[in-house]
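Residue numbers for the sequence shown follow the UniProt record's numbering, beginning at 1 and rising by one. Worksheet for the structure shown next.
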Amino acid sequence: MPTPSGGHSRAARVIQFVYTGLALLLSQLPPLFPPTFPDARVPAWYATAALTAVVAVLATWRPRTPRAVILTLAWGQALVTMVNAFVIGDILAMFSTWVSIPALALLAGQIGPRARKALLATHVITSAIWLGVGVTFVLVSVIAMTTTGIEAARVSYELLVVFDMTLLPNANFAASLAGIALGLTTAWGLMRYWWVAIKFFIPLVILFGAFGYMHPMLESAAAQATRLAETGGTVSQIDGAAEAVFWSFGVSTLSLAAAMLLSLYKPGGRTRRGRRQLEQARQRRAAARTVPVAATAPAATTAAASAASASPTATSVPTTPNASPTAASVPATASDLPTAASVPATELAAVVADTRLIADDTAAVTLRAADGSPLPHWAPGAHIDLVLPSGKVRQYSLYGDPSQQDTYHVAVLREPDGRGGSIEIHDLRRGSALRLRGPRNNFPLTDASSYLFVAGGIGIVPFLPMIEHLDAARADWKLVYRGASLSRMAFASELATRFGSRVRLLPADTHARPDLTALLRDTSESVAVYSCGPETMLNAVELAVAAHRPHGSLHLERFAASQRETAPNTAFTAELADSDATVEVAEHETLLTAIQRVNPAIDLSCEDGICGSCRTRVLDGVPEHRDDVLQPHERDRVDVIYPCVSRARGARIVLDV
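Structure below.
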C-alpha cells in the first residue's frame with residue numbers, strides 16, 4: 001500500500017477521517033430539534049460520510065489524484081453538510097459545518113488573488129448582514145420592553161424567535177465560516193495574529209450564547225406572551241426576556257463592530273504561536289539558502305534577465321497613466337496580505353522530465369518534483385524561479401494546463417550573448433537536477449469585456465494558458481504575435497491552426513510592424529491589453545493604448561528592469577518592527593541589503609524590482625517606489641515596498657519584517 005504523502009496537510013487528512021466517523025455517529029443520533037425534512041436527514045449524513053471517506057482515502061494514499069478531483073469531492077461533502085444544516089434543518093449538521101468548511105479550506109491550501117478577494121468579499125458582506133441582524137434584534141427587543149400592548153409584545157417575541165432560528169444562525173455561520181476559510185487559505189492563519197484569534201472567538205461566544213442561553217429564554221417568553229394574549233393578561237406578567245435580549249444582543253452587536261475594527265486596524269501583532277512559526281520559517285529559509293546548488297550564485301547572476309535575455313520575468317506593470325483597470329486587475333494591497341518577508345517562497349528539488357526543441361533556438365522544458373509529489377498550483381500569468389546547477393537563478397513563465405500538478409512547462413530561448421542561464425538550460429538533459437521556487441503571479445489575467453494580446457518572440461509563453469482559459473470561457477480575445485521569422489516563433493503554427501482568425505502572425509522577415517492604432521480601433525473601449533516582448537514593443541504598445549484606449553487597462557511583462565529617472569540616493573533609517581531591530585541604510589546600499597543584516601532569510605530573487613518576491617509591508621513612513629511591479633496609478637501607495645530597489649522618501653520608514 002502506498003504511504004501517505006505530504007501533498008495534502010496532515011491536519012486536512014486527519015479531519016477528513018474524524019469527520020467520516022462523526023457523520024456516521026450523527027446519523028444514528030436523534031436530532032436535537034425536529035428537522036424540516038426528517039426523512040432526508042439520515043441519507044444526508046450517509047452521503048456526507050461516503051464523500052468524506054473517499055476524500056480522506058485519496059488525500060492519504062493516492063496523493064497524485066488530480067487536485068480538481070479532490071476539491072470537487074470536498075466541495076460535495078461541504079455542500080451536502082450545508083444542505084443538511086440549512087435546508088433539511090438538522091442543527092447538528094449546522095454545527096458540523098465548523099468541521100467540513102475548515103477541512104475543505106485545508107485541502108484547498110493557499111488560494112489565488114481572485115479567489116481570495118471573492119472569499120474576502122463574502123466575509124465582509126455576510127459580516128455586515130450579521131451586524132444588521134444584531135441591530136434588528138436590539139430594536140425589536142426595545143419594542144418588546146416598552147410596549148404596553150400584549151399583542152404587540154406577542155408579535156415582537158414571535159419575531160425574535162423566528163429571527164433567532166433563521167436570520168441569526170445563517171448570518172453567523174456564513175460570516176464565521178467565510179472568515180475561517182479565509183484564514184486557512186491565506187498566510188494569516190487562525191492563531192498567528194492576535195486580531196485574527198480574537199475575531200475567531202467572538203462568533204463562537206455569540207453562537208453558543210444564542211443557542212444555549214437566549215433561544216430557550218425567547219421561546220419561553222414567546223409562549224408566555226401568546227398565552228397572556230389569549231387569556232387577557234398584561235405585558236408586566238412576562239418574564240424579563242426583552243431586557244436580556246437587549247443587553248445580550250447589544251453587547252453582541254458592539255462585539256461585531258469591534259471585530260470589523262480589528263480587521264481594519266489589525267492591532268496586536270503576532271501571537272506566541274505566530275512568532276514561533278515565523279522563526280521556524282526563517283530557519284527553514286536560511287537552511288534552504290545554504291544548499292550548495294543555490295549558495296554559489298553571486299549577486300550579479302541572480303538578476304531576472306538582462307535586456308538581451310529572452311527569459312521573461314512574470315511582472316505585471318500597467319504603464320498607462322490614464323488606464324482604468326477593472327477592479328479585478330488591481331493587485332491585492334499589503335493591508336490584505338501578510339508581508340512577503342514573512343511568507344517563504346516554496347523551494348523544491350526538481351528534475352528535468354523532458355526537453356525538446358520547439359522552434360529555432362527555443363527549447364520546451366518539462367519539470368517534475370524529484371520525489372514525484374504534486375507541484376504547487378498556479379494560474380495563467382504565473383512564473384517560477386529556476387535555480388540552475390551552476391547556482392544561477394532565472395525566472396520563466398509557466399504554460400500548459402494549471403490543473404495538471406505533476407509537471408511544470410517552460411519555454412527557453414537560447415541567447416548566446418546573454419549571461420549564460422539560457423545556454424545552461426539548453427544543455428540540460430532528462431534527469432538533470434535543479435531546484436525551483438514559486439510559483440508567483442504578478443501578471444494575472446483580469447476580468448475585462450475583451451482582450452488584445454501583443455506578443456514579441458518568446459513573450460508568447462505567458463499568453464498561452466491565458467488564451468486557453470479565455471477560449472474555454474468563450475471570451476472575446478485576439479492575439480498579435482511578432483517574431484524574427486516564422487521558424488523562430490514558438491507555438492506559432494499550433495496557435496494559427498487551432499484559433500484561426502483570432503491569431504495574427506507577423507514574422508519580421510515577411511511582414512511590417514503591427515499597426516497598433518488600427519488594432520486598438522477594432523477593440524472595445526474597456527479592452528484589456530496584454531503585451532510581453534522587447535522593450536521597444538512595450539513602449540510602442542504603451543503609447544498606443546494611452547492615445548487610443550485610455551479607458552482600457554494595460555498589462556506589461558518585462559524581460560528586464562526599465563530605466564527610471566529617480567532622485568539621488570540618501571541615507572535613511574529602517575525600523576524592522578517584527579524583528580525589533582533598526583538598521584541604517586547608507587546611500588550606496590539597497591534597503592534589501594540592510595534588511596538582510598537582520599533577517600538574511602528574506603525572500604528575494606531578481607533584485608531588480610521586477611519579480612515581486614521581496615514584497616514587504618510598510619507600517620509607517622513613505623516609500624519611494626522604483627520597482628516595475630506596481631502600476632503607475634499605484635505609485636503613491638504607502639503600504640507596500642519592494643526593498644531590492646525602492647527606498648524611503650524621508651529619514652525613516654517602518655517595515656513589517
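Idealized CB from N, CA, C, for every residue including glycine.
Pairing V365 with V410 gives a Cβ-Cβ distance under 8 Å.
Scanning S613, R482, G209, L495 for the CA closest to the CA of R513 turns up R482. In the DSSP assignment, the residues bridged to P623 are A648. Taking the Cα positions, P643 is about 30 Å away from M466. From the listed residues F249, M94, D239, the smallest Cα separation to A174 is found for M94. For A103, the closest alpha carbon among the candidates T20, R647, T136 is that of T20.
In this structure, the CA atom of D447 is about 19 Å from the CA atom of R502.
Under a 10 Å Cβ-count criterion, V205 is classified as exposed, with fewer than 16 other Cβ atoms of the shown protein chains found around its own Cβ. The distance from the Cβ of P462 to that of S553 is about 16 Å, inconsistent with a contact at the 8 Å cut-off.
Around E243, the same chain offers M145 as residues with beta carbons nearer than 7 Å, after the five sequence neighbours per side are excluded. Counting along the chain, T185 sits inside no alpha helix (DSSP H), nor does DSSP assign it H or E at all. A Cβ-Cβ contact shorter than 8 Å links A349 with A370. For E557, the enclosing beta strand (DSSP E) stretches over residues 553-557.
The DSSP assignment places complete beta strand (DSSP E) segments of no fewer than 3 residues inside the stretch 454-542 at 477-483, 503-507, 528-532, in order along the chain. Per DSSP, R430 is not a residue of any alpha helix (DSSP H), being assigned neither H nor E. Contact between Q395 and H383 is confirmed by a C-beta separation of about 5 Å, below the 8 Å threshold. In the three-state DSSP reduction, S403 falls in the coil class, being neither helix nor strand. Taking C-alpha positions only, R276 is separated from I595 by approximately 20 Å.
Three or more Cβ pairs closer than 8 Å define a contact, and the stretch 123-133 meets that threshold against the stretch 163-174. Judged by DSSP secondary structure, A353 falls within the beta strand (DSSP E) whose first and last residues are 347-359. In this structure, DSSP gives L106 a helical state, which the three-state scheme calls helix. Taking each of S449, A577, S485 in turn and checking the Cα distance to V527, the smallest one comes out for S449. Fewer than three beta-carbon pairs drawn from the stretch 66-83 and the stretch 143-160 are found closer than 8 Å, and the two stretches are therefore not classed as touching. In the DSSP annotation of this structure, the continuous segment of the alpha helix (DSSP H) that includes R13 starts and ends at 10-28. Distance between A11 and L436, taken at the CA atoms: about 26 Å.
The alpha carbon of S422 has as its nearest neighbour, out of M191, V387, L182, V138, the alpha carbon of V387. In the structure shown, D639 falls within a coil segment according to DSSP collapsed to helix, strand and coil. Collapsing the DSSP output to three states places I384 in a strand.
One thing to note: V598 has its Cβ no nearer than 8 Å to the Cβ of A586. A Cβ-Cβ separation of about 5 Å places F249 in contact with V138 under the 8 Å criterion. The DSSP-derived three-state label of F33 is coil.
Taking each of N569, R558, L655, P623 in turn and checking the Cα distance to I602, the smallest one comes out for L655. The alpha carbon of K266 has as its nearest neighbour, out of Q237, L576, S236, I198, the alpha carbon of I198. Between L538 and R521, the gap from beta carbon to beta carbon reaches 8 Å or more. The beta carbon of I111 sits closer than 6 Å to those of T185, all from its chain and outside the five residues before and after it, given in chain order. In this chain, the beta strand (DSSP E) harbouring Y408 covers 408-413.
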